[in-house]
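Working notes, structure below.
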Amino acid sequence: MSLTRLFVPLALALLTACATQPKQNVTVEKQSECPVQMNSGQNLILTLPSNPTTGYRWAIQDSAGGVLRALGPEVYRNPEDAGVVGAAGMSTWRFQAFGAGSGRLRLTSQQPWAPEVPAVETFDCAISVN
């Protein structure tokens, strides 16, 4: 009987702890969703409109390296239902928050062979990790 008395409160405590955990993924698709507040261990999924067929690519200028680590390279996907050659798609990056602090995640869209030409688009997001 005493084992049951111990087990029930322990089980309830574990369920409560699981229910209050923050979601594992934080998704950002627009500059207006910044700044981003995260907890250590959460994943940041950044998705931006992209069209590498025009010669313009997103390049990471600042990866908030003190608080984020990349979980892989950029993944580009073209919408299958566009039906138009050269239609824009989406580029996605995945990062994981690993330490408390703050940093900036900054990307620019430009032609890789012409770094002296100003970027046509910039994404700049402040990241804070608890």
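Counted the way mature numbering (1 follows the signal peptide of the UniProt record, and there is no 0) counts, the sequence shown spans residues -19 to -1, 1 to 111.
For glycine and all other residues, C-beta sits at the position ideal for the given N, C-alpha and C.
Work out the CA separation of residue j and residue i for me, nearest whole Å.
i: residue 108; j: residue 28; result: 16 Å
i: residue 59; j: residue 70; result: 4 Å
i: residue 24; j: residue 111; result: 13 Å
i: residue 5; j: residue 14; result: 17 Å
i: residue 30; j: residue 57; result: 9 Å
What residue does the beta strand (DSSP E) around residue i start on, and which one ends it?
i: residue 102; result: 102 to 110
i: residue 9; result: 6 to 9
i: residue 84; result: 82 to 91
i: residue 47; result: Run containing residue 47: none; DSSP gives neither H nor E here.
Which class does residue i belong to by DSSP, given the choice of helix, strand or coil?
i: residue 23; result: coil
i: residue 125; result: What is shown of the chain runs -19 to 111, which leaves residue 125 out entirely.
i: residue 30; result: strand
i: residue 18; result: strand
Determine, using beta carbons only, whether residue i and residue j come nearer to each other than 8 Å.
i: residue 41; j: residue 88; result: yes
i: residue 21; j: residue 81; result: yes
**Asked** Using 8 Å as the Cβ pair cut-off and three pairs as the minimum, do the stretch 46 to 57 and the stretch 70 to 80 touch?
**Response** Because the criterion of three Cβ pairs below 8 Å is met, the stretch 46 to 57 and the stretch 70 to 80 touch.
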